[in-house]
Each structure stands twice: as structure tokens, then as C-alpha cells.
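Quick note, the sequences are listed as chains A and B, same order. If you count by the working numbering, then the first sequence holds residues 1 to 196, one letter each, in order. If you count by the working numbering, then the second sequence holds residues 1001 to 1079, one letter each, in order. No residue lacks a Cβ here, since even glycine has one placed at the ideal position from N, Cα and C. Everything numeric in this text was worked out from a predicted model, so none of it was measured. Down below is the structure, laid out as C-alpha cells.
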Amino acid sequence: MSEAAIRDRTKEGFQELVLTELPALYSLARRLVRDGAEDLVQEALLQAFRAYGTLREDGAAGRWLKTILVNVFRDQVRKRSRTVDERPMGDLSDFSLYRTLVDEDPFPYSDTLHTDFLQVFDSEDLREVLIRLPDIYRVPLVLRYMDGFATKEIARLLEAPLGTILARLHRGRRLFEREMWAYAREAGLLTKERAR
Amino acid sequence: MTETKAIPCSEAVRQLWDYLDHAIAPEDQEKVEKHLSFCRSCCGELEFAKEMRAFLATSTAEKIPPHVKERLERFVERL
């Protein structure tokens, strides 16, 4: 560990370090929970402060803080519910957003149908879709594809076998695509005005 | 030399994201590639999977409202 990479492990050092990470932490928390993102961040900050001495590199602070936040979230979910909502695939296994868009053709004059569909979602729409997913599917999806955690790392964080995480990512992607399509229709995202 | 077994579209599509993640066995990787070499529809699925991944990876971060940021900063200061 280089000297330059280490800040004094003092309260002031901690404060300076985490203040720049607050937006990213809050953003992750908002994608993990419908309500209570601020409380989740506070609890994570509290635990991070207690564990500050274990942080080896200041450069890794962002990922370290996110890891703590996910741990706090995981423990909260466990306290809330002892059962895991493993949604059966059912007709989900046959759903393809790609094919649905081709078949339904919501933007008949578009040469870039699939790209246009994605572009009608702003960050609030995207959050609404994510929040519709059960925790067990949403969390791996957010961590893998939005926050860039490796699949093995997610398995370790969520204390689940790698195969389970891969299966949940697979189901989660299908559910996510199906909910995107349902939400786009319900929220009127497919009107000409939105799909400029 | 053994010939790679053909797989149906449903199987190829099921594995596309794992294929992009390099999270499938080399022999399955080959099967997906062989399928993609002749299936235009699945190539479309593959392109869309790439677009979807880019869309998620580059989606705008949730903005922190100023009053929430202020409260969290005060929380950090009080630690």
C-alpha cells in the first residue's frame, strides 16, 4: 500500500472520503429499495465508519462502500422475510422483448426500432421497472449490469451459490424485459411524442 | 475432430447474455457461435442484448436531491 494512497484513518479522513461517494451510494440504494434509500445509505455509512480501519486503499473506497451497502440491504431483506420469492418461469421462458418489438412494431416509421424503444425510458422509468422485480432478481441485475460487479463477487456478497446467481440473472433479465414492455405500454411511452 | 452439435433458437437465445459474459463452457460458446452463423433472427437478438447491456451500464445515475445530500452530509459530520 503506497503512502500516497493512504489517508489518515481518522474521522476527518473518513468524512472527506465518503462525501464524494454520496451520490453514487444514494443512486445504488434507490435502485435497490422502493422506499428508505436514505436510511439504507445512513446505515451503510455507520457500518463503514466502524470498519474504516479495514479499508486498504482510498482508491477502492467507492466499491468498498457499495459492498457495505449491499451487505446492509441483504441483512435487512433477511430480517424482513425468511422465505425467498423464487418466481416460476412459467410463460416467461418464451418471452423475447426483441421479438415482441418486431411483432408489435410500436414505431412503424422507425428504422431503429429496438434502439428507439430503449431511448424512451428515462432514469425514473427505468427505476419503476426495476422496482417491480422481486428483490432476488433485481439485486443481481443492478449489481451486475448497472454497477459492474462480477458474478462471482455477487454470489459472495449475497451468500448464494454461483449457479443460483446465474439462474437468477437469467430469470431476472427475462422478467426485466417483460416488465419494460408492460411498463412502456401502461405509462404511454410508445406514443409518438415520447418516441421522438 | 468432433462436430459441434446444432442448437435451436430457444437454446441459443437463452444463452446469449451468458455468452456475452463469457460465462458458459467453451463447447456451449461454440454451439452458440455456430447457431449465430446461420440464424439472422438470433443475430438480431444478440445485437439487442448488446444494446440492452449498454443501456443499463450507461443509464443515468439516480440524482441525489439537494436536501437529502445535505442531510447525509450532516449525518457524516456527526459520526
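Residue i, buried or exposed, once every other Cβ within 10 Å from all chains shown has been counted against 16
i	result
A:Asp-103	exposed
B:Val-1050	Reading off the sequence, residue 1050 of chain B comes out as Lys, not Val. Exposed.
B:Pro-1008	exposed
B:Ser-1059	buried
A:Phe-14	buried
A:Ala-184	buried
A:Asp-147	buried
A:Arg-9	exposed
A:Leu-17	buried
B:Asp-1018	buried
B:Glu-1030	exposed
B:Pro-1026	exposed
A:Ala-155	buried
A:Gly-59	exposed
Extent of the continuous alpha helix (DSSP H) to which residue i belongs
i	result
A:His-170	162 to 186
B:Pro-1066	1066 to 1078
B:Glu-1011	1009 to 1020
B:Lys-1034	1026 to 1038
A:Gly-200	In the structure displayed, chain A extends from 1 to 196; residue 200 of chain A sits before or after that span and is not available.
A:Thr-67	61 to 80
A:Ser-27	22 to 32
B:Thr-1004	Looking at the DSSP string, B:Thr-1004 is not in any alpha helix (DSSP H), and its letter there is neither H nor E.
From the options, residue whose alpha carbon lies closest to that of residue i
i	options	result
A:Glu-179	A:Asp-125, A:Glu-43 and A:Val-139	A:Asp-125
A:Gly-163	B:Ile-1024, B:Glu-1045 and B:Leu-1072	B:Ile-1024
A:Val-33	A:Ala-150, A:Glu-177, A:Leu-65 and A:Val-70	A:Val-70
B:Glu-1011	B:Thr-1004, B:Arg-1053, B:Glu-1077 and B:His-1035	B:His-1035
B:Arg-1074	A:Gln-42, A:Asp-122 and A:Arg-156	A:Gln-42
A:Asp-116	B:Met-1052, B:Arg-1071, B:Lys-1063 and B:Ala-1061	B:Met-1052
A:Ser-81	A:Ala-160, A:Ile-165 and A:Ile-136	A:Ile-136
A:Thr-191	A:Gln-47, A:Val-120 and A:Phe-49	A:Val-120
A:Leu-22	A:Lys-11, A:Leu-40 and A:Ala-150	A:Leu-40
For this session: Pick out the complete alpha helix (DSSP H) segments inside the segment 111 to 153 of chain A, 4 residues or longer, and give them in chain order.
Result: 113 to 119, 123 to 132 and 135 to 141
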